[in-house]
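In the working numbering, the protein residues as written are 348 to 427.
Ideal Cβ positions, reconstructed from N, Cα and C, are used throughout, including at glycine.
Take a look at the structure set out below.
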């Protein structure tokens, strides 16, 4: 009887260790998946930010050119 209890206990311990190992493996997979998702999100946001910066820069350059051209035109009218 004691030997049977000992065997059952050892078997139960092995099964629990298998479950712990499976849970650990699953959690590692989830962590890696989350890291991948975070990296993709970061890359997407950086791409969006770069595009917005480029658009704003182009708009600012166009505004500066328009202002400069307007100032030159006014200046040429004042000093013919």
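Could you check the C-alpha separation between residue i and residue j for me, to the nearest Å?
i	j	result
residue 411	residue 397	21 Å
residue 417	residue 408	14 Å
residue 415	residue 377	56 Å
residue 348	residue 379	47 Å
residue 413	residue 395	27 Å
residue 372	residue 400	42 Å
residue 355	residue 364	14 Å
residue 388	residue 403	22 Å
residue 361	residue 370	14 Å
residue 375	residue 350	37 Å
Reducing DSSP to helix, strand and coil, say where residue i ends up.
i	result
residue 377	helix
residue 348	coil
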